[in-house]
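Undergrad: Handing you this structure, nothing more for now.
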Amino acid sequence: MEETYEIRGTDLLDSVKKLLTSVFETSSVSSMLVPVRHTTTHVLMPTLVSDPGELQRADPFAPCFPLNSAKLVSKLTKKHSNETMAAVLRPCELRALVELVKIKQATMDNLITISFDCAGAWPNREYNQAATEGKAKNRGFMEQRLESKFDDETEDRLATSCRICAAPFPENADICITLLDHDPGSIGVFAGTDRGREIITGLAFEPKPLPGTRADTVRAVIQRKKEAGKKVFEDLARETATMEGLGNYLASCVNCYNCRVACPVCFCRECVFNTDVFDYEPFQYASWAKDKGTLRMPMDTVFFHLTRMIHMGLSCVGCGQCSNACPNDIRLAELFTAVGKGAQEGFGYVPGKSMDDPFPLSVFFEDEFQDVTGI
Amino acid sequence: MDEMIKLKEMLNPCIQCGTCTASCPNEVDMDLVPRKLWRMVLMDRNEAIFDSQTFTLCSSCYLCTLRCPRGLPLTAAMAKLKAIAAKSDLAKYRKSTRFYKSFMESVRRHGRVREGEFMALYFLSMKNPLLPLSFVSLGMQMMRKNKVAFELPAKPGTGNLDRLFKKVAEIEEGL
Amino acid sequence: MDNFEPTIIAFVCNWCTYTAADLAGTSRQKYPPNVRLIRVMCTGMVDPKYVVKAFLSGADAVLVSGCHPGDCHYINGNYKARRRVRLLHGILGRFGIDRERLRLTWIGASDGIEFAKVIHAMVAEIKALGPAVSDMKLVI
Amino acid sequence: MGEKQGRALVVGAGISGIRSALDLAETGCDVTLIDAAPHMGGVLSKLEYQFPSDGCGMCRMLPMADRDTCLQACLRKGLVHGGIDLMLSTSLKGLEGEPGKYRVTLETEPCIIDPNLCTGCNRCSEVCPVTIPDPFNQGLSTTKAVHLPVPHAIPNIYTIDMDHCTLCGECETVCPFGAIYLPGDGRLELKIPRTLVEMDVGAVVLACGIDYYDPTTGINTFGYKELKDVVSNIELERILSGTGPFKGSLERPSDGRVPSRMAWIQCVGSRDLEFPACSSVCCMIALKEAVLVRKRSGGTIETVIYYMDMRCFSKEFEAYRRRAENKYGVILKRARPHSVRHDRNTGGLWLYITGDSGVREDEAFDMVVLSLGQRPGKSVKDLAKITGIGLNPLGFFEAPLSGVGDNTGVFAAGSASGLKDIGESVIHSSSASAMALKVIHGAKKITDEETEPLNGFRDVSTQVPDIGVVLCQCPNGPDIEPQVKSIGANDVHVSGIMAMDRICTREGWDGMLEALAGKPFNRILVLACSPQLFLDKKAAISKAMDLDPAYIDFADIGKGEPLASTVKMGLARIRYADRLNSMASTMVPKVLVVGGGLGGMTAALSVADSGFEAVIVEKEPRLGGNLVWLDKDITGYDFGRLLDNTCQQVENHPGIRVFTNAVVEDSRGGPGNYTTTFKVGGNDSKRIGHGAVILATGGREAETTAYGYGTSDAVKTNLEVEQALKAGTMDPGDMNVVVMIQCVDSRCDTREYCSRICCKSSLKHALEMKRINPDLGVYVLYREMMSYGFSEIYFKEARERGVIFIRYSLEQKPQVISGTDGPVVKVHEPILNRTMEIRSDLVVLATGILPSAIQSLAALFDAGVDDYSFFKEADSKWRPVDAVNGGVFACGLALGPRDTKESMASARAAAMGAVRLISSRPAGVSLVTAGIKHSLCILCERCIGSCVYGARTLDPDAGKIRIDPVACQGCGSCAAVCTNSAAFVNNYLDQQMLEIIDAAI
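Protein chains in written order, with my numbering: chain A, 182 to 556; chain B, 7 to 181; chain C, 51 to 190; chain D, 49 to 1049.
See the structure below:
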């Protein structure tokens, strides 16, 4: 049984700041990536903090999720560095990061990952709207969510991806923060890795078992979210049961490729759809139009999304940033999460779970999937 | 037993494949099937060999010799065992070796077998007064079918086989 | 529907299945003209987007066919292809492109008859299933 | 292809001849490859599934370094190589001269069907009234007197069986191309008569293969040819084949029913009076066939193999046997059925069998397969007479132990010197080609002949595609010109369409060349039927147009697909045709040989004799390896002399440098260009550049603690006995009984593989001891005697000399008990079914072979080891001495257990492989080769992981993926894993493929 600890502050943020500060102080961390509230708006942006004093404005718990930080961690760690860094990540961000590490886009050699019970976030547009109107609910959001055991009326306000996220709890972070079922204002800490254990034992917090009710609560949350997901996926399956259905679903796509820019596991320097592979000659357009009678422009939108599903579906962590990114409100998160989930199940692969699970298309075994060649 | 060493040399190349046994029409009646018999020869298990009736049951059909993948003279080897048994006058085989000897003696004398004389020689050699009685039934049957000639035939060949038998004995001596 | 003639795109590996297809031709094992052979060096080079492209361009079925396990000229390209086809089954199946329409087979160089058989069967089954995509031109 | 060497003649175009021809052609020799049959491929053209992979993969023999010299297609179709002239229906009739300067006479059978005119349209066969048994299917099906000799070959020219042809003339009348000229009707001359050709060659390789025993010539107790369901193993292979008599479905020939029980009878025509040797491969063939039958039938057909010894003696064969038994449920029974009889009531077959117990165990089957033994090939006697090469008592070519002192330029390859499995045949063929190359190289006349400058064509690589389309108009087909023209009109890149009359004929072809000459097109697309026929003619078009063949392509319009698709697809393909010239590489003409035992020395000599430098790095202070302690081989050949000779040659050879006390430390680079550092004498570091590496690191006798070894001086290993006999410290005259125990710690869970040479060693020792002391009792306790091939003769001799062989099983292993008068061996005798106790003076253990630890060494060169820690070969059949990447080779015990003769053959084969690689011309970047667009690459390294050839590496300094164009084979795995097409394969570009797909629909 993993040793667990408790930190009691004046409130949740105070407790978590205590933790972050002591990680800073005791683990020779040179900087820490954490969402920080900036002065003028209520928008929180991932911020690289090197002065522990600045952690005062950190707030990882707000329903604000402007981008998946895995991409940032990739930028910060892709090249080897001797400095140790820490990053506070939502579970889906951490999963995306693990996927990126597998494809050499990031390393965790000198990175301490910290994650927590994620209460979800609002769609970006809504959060920003609220922030502009001064109604963004930063403080108090998590408290309210915890009080209801993640089952209050604000659930409906969450981004769909968060609403149906069946893995909102930290597992393989170095330092995992538990919030559910703790006394108000206090948090729990346990190590998800060997390195985490080393750090935590050096932090001199009070060992205390996790609340006895937590396991059941977690199970219930997951169960509820799974059911919510099931409904979403069923509706989606009906809507996109045919290629025509898929075409309609994606009808307003304008090939802006924002979804792929926002996607944490879409790692290409340049999407293949922006390369000369799809750089047709003018006469070709004319000839297609002639052959088909009509040619929907821009071309290759369904092709693009299907290709993206093939490329990143197996690594999709369901963070929902694609939906945030779409200018035309295509419900991409549901689509990609559903497709990704199916693809992943086909290989028994859980993205982000472990560095030891190889990417399914990078390996093979001789005696597997023999049904593929059958009907 | 020099004879057994010679026999062993004859059989050395045997690979114990069992083709001889599978080919043998009398194999079902043998207490030691040919395959085992030959193995015993190679292993110098002479007692066991001469405790068995196998070679006396060989009817010299030559199927084993024909089929042996090593081309071994298996029928000849059976004959050799018979000869050794006869020469050593082993009690176990007396019945058959003396029967055989008596038969040959009659043939030597007359150029063909005279059943009466043959049986008389056999009974004499076995020195068992009760033995003739055990042949009564078979004798009767054979007589009924005219298989036993009582009258003495003309003797055109009498004594002519002496030289032949002598020559064979010489050859056997040399083997 | 009776007059429906499906179009099947067949990605065949240069070493085994292409040879088999050739053999089917020379040994007069006629197979229906619905199939368009696209020779690739190895099934392991069949990028999933080729398959997607084929369906989006109007193919009613796609066949990927290469060497038997263990026979791949490039040691193991066929095993890699198998994983990709499995992925495609999972993804395309969701959008109505069932696995009947995307097949992976191993056809050895001497299996001209087998090749013809596979094509015959596939054409018959796809005829029964109907076109893969009935009206895509306005949406893709 | 390398620098020009002389010419070689290879007799026989089966797998061995193909291997030899490729070896020699790749090293720059001109090769004439002849075969008496009208097709190539030999017996393998009939066998589709070969152990141990149960599949094919023959194409893996094709050149790796300079791929475009050779048609990239299934080898079953045929071999088309720029340096190889293939002459079918041709035999060697005369040979004069001396090694290096032979004049040979070749005779080609007359042609009744002109191969230049026949297009394979099959009309002749349709009208032919004469039906004959199809020789391709061993007579199990029928064909016509005029027929295709094999269904899949190219070029596939019809032949007429003149023994059956009635000269009715129907075919001649119907042939649309006038290709058939029947004799008769006063026409005494054939159009293409029997021809005799003389040519000069430096060396000759005889790869004429073997024949099989015909049971009908013997007592035939198995009823072959009398009982329809008794078939030979080759007949069964045909039955299982898709081109076979039943189109691949497994049926009984008598009534077409699927059999439910099948039996295999081993050693039919082997290990008997007429042929006292073992045929070496039948055990594995039978296992494979039984496995195939089990797999095909989903386990519903019961398969029983009746065998004498199951000889699975190559390193992965024992595992195969285990799989066959345990996974596939093949039943093995040790028994020798003596005859097969027909059961009138059931229609089945009875096998008459006696089991170990001596009880009759006759069994009923409905199909029986005879594993036929080998016989010398038909032509062997004649060839021996012509070439003066000796025959062994069984009528096979002598394969001399070494080339030492042999003054010949004629070498036997493959099975011509005794039946071998594919891997061994390939090894022995490369070994023969290495010896032939030595002779040719030695006799080389230095010529000033310019090799054709590479890419001396006009540079069109930067030009906008300007496609010329040539259209072959068939007089029998519809007029397709208008349709092609209208397609061309819609493609801005098409600038000319030329319709030609039948380019499949000589006249049509020449007409096309004439029309194309001087035309400005920079891409040519030829639309014709069966374009494979023309692939080797690309060069002609290229010459006529001064255009790199990379820009010439063919599209097959004879397949029955819609013309528009075919044409559009062809246009899309040719539009993107290109050659990557930026990645030229250099070949370092030097070979590193790690290990200076017999294998290493032989390999180094072979390399050096071909004109390249060899560097031997040996960790011991002296050369010789295991040969130092070996005495004689089973034939009495003196290893001491071999060692002295070889060492002397190595030391005196100007092309060989030797470093002893030296250990390899590090290596970088790839095939063609390695840089390796090694340490001499513990501190002196040296660095060399080399193009290839041969690992000849050897192996050793396995240690053991079994059977009381180490506790008694009377228990020794084979090695100790060999040494003691050599040194004279052991006198068999002082002993009464010696017991030898085979398979110690081998062929069991401890060590799965058979060490192959222990049985031969024990036979050798047994015979030697018996020679010294004929009265000595020698008992050999064995599980299977692996006296494969001609060594079976010594097994027989040992029995004849009175050695007693007792079979034991893993369940009842012998026990060695120490006694006051020496060890007592207890063993169960299965025939007598009783336990024997043998008091012995000496117990000899055959402990098997272990490889030297080479895992880390192999890893330095991007090669690996197998499950047993031997070198992992790319393919045990087709590439048996090389690693997947094509730059690393291994020989001798590093590769697996083998005897000295086999080690030397493998060493020459490894050397041949290395020489093939380093003699290929630099800058030979093949057309289908991978590339990378650095600007798109984000270094996810998935492509590196996907490449089986190790052709892709990360250059950490430059932060770029590097591609080794020699190692790259163009499989496209990298391109398929790359999500944004940064990795690509030339001529299979994504945009090209997408356009082709689009055009197809």
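Beta carbons are placed, not taken as given, at the ideal position from N, Cα and C, and that holds for glycine.
What residue range does the alpha helix (DSSP H) around D:Ile789 cover?
TA: Looking up residue 789 of chain D in the fourth sequence gives position 741. Per DSSP, D:Ile789 belongs to no alpha helix (DSSP H); it is in the beta strand (DSSP E), Val785 to Ile789.
Undergrad: Quick test of the definition: if touching needs 3 or more C-beta pairs under 8 Å, does the stretch 537-546 of chain A touch the stretch 429-443 of chain A?
TA: The answer is no - the stretch 429-443 of chain A does not touch the stretch 537-546 of chain A, with fewer than three Cβ pairs under 8 Å.
Undergrad: Which residues in chain D have a C-beta closer than 8 Å to the C-beta of B:Lys42? List them in chain order.
TA: Numbered from its first residue, the second sequence carries residue 42 of chain B at position 36. Those within 8 Å of B:Lys42 in chain D are Gly406, Ile879 and Leu880.
Undergrad: Should D:Phe918 be labelled buried (16 or more other beta-carbon atoms within 10 Å of its own) or exposed?
TA: Against the fourth sequence, residue 918 of chain D aligns to sequence position 870. Label assigned to D:Phe918: buried.
Undergrad: Shortest alpha-carbon distance to D:Ala121 belongs to which of C:Ala70, C:Leu179, C:Val183 and C:Thr57?
TA: Locating residue 121 of chain D in the fourth sequence gives position 73, counting from the first residue. Of the listed residues, the one whose Cα sits closest to D:Ala121 is C:Ala70.
Undergrad: In chain D, which residues lie less than 7 Å from A:Glu451 when you measure between Cβ atoms?
TA: If you number the first sequence from 1, residue 451 of chain A lands on position 270. Those are Leu984 and Asn1028, listed as they occur along chain D.
Undergrad: Return the residues of the stretch 976-1004 of chain D that lie within a Cβ-Cβ distance of less than 9 Å from chain E, sorted by chain order.
TA: No chain E is present in this structure, whose protein chains are A, B, C and D.
Undergrad: Residues of chain C with CB under 8 Å from A:Gly527, in chain order?
TA: As a working note, residue 527 of chain A is residue 346 in the first sequence. Simply Arg136, Leu137, His139 and Gly140.
Undergrad: Suppose only complete runs of 4+ residues qualify. What are the alpha helix (DSSP H) ranges in the stretch 183-225 of chain D, listed by chain order?
TA: Entirely contained in the stretch 183-225 of chain D, the alpha helix (DSSP H) runs reaching 4 residues are, in chain order, 218-222.
Undergrad: CA-CA distance, D:Asp558 and D:Met1041?
TA: On the fourth sequence, position 510 is the one that residue 558 of chain D refers to. On the fourth sequence, position 993 is the one that residue 1041 of chain D refers to. Their Cα atoms are separated by approximately 33 Å.
Undergrad: Measure the C-alpha to C-alpha separation of C:Pro119 and C:Thr93 and round it to an integer number of angstroms.
TA: The residue labelled residue 119 of chain C in the question sits at position 69 within the third sequence. The residue labelled residue 93 of chain C in the question sits at position 43 within the third sequence. When rounded, the distance between both Cα atoms is 12 Å.
Undergrad: Determine the extent of the alpha helix (DSSP H) in which A:Thr294 is found, giving its start and end residues.
TA: Here the question's residue 294 of chain A lines up with position 113 in the first sequence. Looking at the DSSP string, A:Thr294 is not in any alpha helix (DSSP H); the run it does join, the beta strand (DSSP E), is Leu292 to Phe297.
Undergrad: Give me, in chain order, the residues of the same chain whose beta-carbon lies closer than 6 Å to that of A:Phe454; leave out the 5 immediate sequence neighbours on both sides.
TA: Numbered from its first residue, the first sequence carries residue 454 of chain A at position 273. Phe485.
Undergrad: Can you have a look at D:Asn570 and say buried or exposed, based on whether 16 or more other CB atoms are within 10 angstroms of its CB?
TA: Residue 570 of chain D sits at position 522 when you count from the first residue of the fourth sequence. D:Asn570 comes out buried.
Undergrad: Among the residues of its own chain, which have a CB less than 6 Å from the CB of A:Val217, if the five just before and after it don't count?
TA: The residue you call residue 217 of chain A lines up with position 36 of the first sequence. Once the five neighbours on either side are set aside, the close Cβ partners of A:Val217 are Thr228, Arg238 and Ala239.
Undergrad: Taking the alpha-carbon of D:Gly142 as reference, which of D:Glu246, D:Leu136, D:Cys1019 and D:Arg795 has the nearest alpha-carbon?
TA: As a first step, residue 142 of chain D is located in the fourth sequence; it is residue number 94 there, counting from the start. When each option's Cα is compared against that of D:Gly142, the closest is D:Glu246.
Undergrad: Kindly say whether C:Ser107, judged by its beta-carbon, lies nearer than 8 Å to any beta-carbon of chain D.
TA: In the third sequence, residue 107 of chain C corresponds to position 57, counting from 1. At least one chain D Cβ lies under 8 Å of C:Ser107.
Undergrad: Evaluate B:Ile21 with the Cβ neighbour count: other Cβ atoms within 10 Å of its Cβ, from every protein chain shown; 16 or more gives buried, anything less gives exposed.
TA: To locate residue 21 of chain B, count along the second sequence from 1; it is residue 15. It counts as buried.
Undergrad: Using 8 Å for Cβ pairs, my map puts B:Pro75 next to B:Cys30. What's the rounded Cβ distance?
TA: The sequence position of residue 75 of chain B within the second sequence is 69, counting from 1. The sequence position of residue 30 of chain B within the second sequence is 24, counting from 1. With a Cβ gap of about 15 Å, B:Pro75 and B:Cys30 do not count as contacting.
Undergrad: Is the stretch 451-470 of chain D touching the stretch 146-154 of chain D, taking contact as three or more C-beta pairs under 8 Å?
TA: They touch, by the three-pair rule.
Undergrad: Would you report the Cα separation of D:Thr495 and D:Arg705, rounded to the nearest angstrom?
TA: The residue labelled residue 495 of chain D in the question sits at position 447 within the fourth sequence. The residue labelled residue 705 of chain D in the question sits at position 657 within the fourth sequence. Its pLDDT being 42, under 50, D:Thr495 is placed unreliably by the model, and the measurement read from it follows with that caveat. In a straight line, the C-alpha of D:Thr495 is about 28 Å away from that of D:Arg705.
Undergrad: I need the straight-line Cα distance from D:Ser327 to D:Gly395, nearest angstrom please.
TA: Looking up residue 327 of chain D in the fourth sequence gives position 279. Looking up residue 395 of chain D in the fourth sequence gives position 347. D:Ser327 and D:Gly395: Cα-Cα distance of roughly 32 Å.
Undergrad: Could you give the DSSP three-state label for D:Pro181: helix, strand or coil?
TA: Within the fourth sequence, residue 181 of chain D is the residue found at index 133, counting from 1. DSSP places D:Pro181 in strand when its eight states are reduced to three.
Undergrad: Taking the beta carbon of B:Glu176 as the centre, do at least 16 other beta carbons fall within 10 Å, making it buried, or is it exposed?
TA: Position 170 of the second sequence holds residue 176 of chain B. So B:Glu176 ends up on the exposed side.
Undergrad: Provide the residue(s) that pair with D:Leu140 in DSSP beta bridges, ordered along the chain.
TA: Position 92 of the fourth sequence, counted from the start, is the residue given in the question as residue 140 of chain D. Beta-bridge pairing links D:Leu140 to D:Leu154.
Undergrad: Going along chain D, which residues have a C-beta under 9 Å from A:Phe448?
TA: Start at 1 with the first residue of the first sequence, and residue 448 of chain A comes out as number 267. Simply Ile986, Cys988 and Thr1027.
Undergrad: Assuming C:Gly146 and C:Ala74 are in contact, meaning their beta carbons sit under 8 Å apart, how far apart are those beta carbons, in whole angstroms?
TA: The residue given as residue 146 of chain C occupies position 96 in the third sequence. The residue given as residue 74 of chain C occupies position 24 in the third sequence. Going by Cβ atoms, the distance from C:Gly146 to C:Ala74 rounds to 31 Å, so no, they are not a contact pair.
Undergrad: Is the beta carbon of D:Ser543 closer than 8 Å to that of D:Asp626?
TA: Looking up residue 626 of chain D in the fourth sequence gives position 578. Looking up residue 543 of chain D in the fourth sequence gives position 495. Not in contact: D:Asp626 and D:Ser543 (Cβ atoms no closer than 8 Å).
Undergrad: State buried or exposed for B:Leu144, treating a residue as buried only when at least 16 other CB atoms are found within 10 Å of its CB.
TA: The residue given as residue 144 of chain B occupies position 138 in the second sequence. So B:Leu144 ends up on the exposed side.
Undergrad: Any beta carbon from chain C within less than 8 Å of A:Pro541's own beta carbon?
TA: Stepping through the first sequence from its first residue, residue 541 of chain A is reached at position 360. Taking Cβ atoms only, chain C reaches closer than 8 Å to A:Pro541, which makes this a yes.
Undergrad: On the criterion of 16 or more Cβ atoms from any shown chain inside 10 Å, does D:Glu364 qualify as buried, or is it exposed?
TA: Taking the first residue of the fourth sequence as position 1, residue 364 of chain D is located at position 316. D:Glu364 should be labelled buried.
Undergrad: Report yes if the C-beta distance between D:Met960 and D:Ser481 is below 8 Å; otherwise report no.
TA: As a working mapping, residue 960 of chain D is identified with position 912 in the fourth sequence. As a working mapping, residue 481 of chain D is identified with position 433 in the fourth sequence. Yes, they are a contact pair.
Undergrad: I'd like to know if C:Met172 contacts chain D, where contact means its C-beta is closer than 8 Å to some C-beta of that chain.
TA: Here residue 172 of chain C refers to the residue found at position 122 when the third sequence is read from its first residue. Chain D contact via Cβ: absent.
Undergrad: So, using beta-carbon positions, are D:Ser994 and D:Val1025 closer together than 8 Å?
TA: As a working note, residue 994 of chain D is residue 946 in the fourth sequence. As a working note, residue 1025 of chain D is residue 977 in the fourth sequence. Cβ distance < 8 Å, so D:Ser994 and D:Val1025 count as in contact.
Undergrad: Give the range of the alpha helix (DSSP H) segment to which D:Ile966 is assigned.
TA: Locating residue 966 of chain D in the fourth sequence gives position 918, counting from the first residue. Thr948 to Ile966 is the span of the alpha helix (DSSP H), which, as asked, contains D:Ile966.
Undergrad: Quick check: is the beta carbon of A:Lys389 nearer than 8 Å to any beta carbon in chain D?
TA: If you number the first sequence from 1, residue 389 of chain A lands on position 208. So, not an interface residue.
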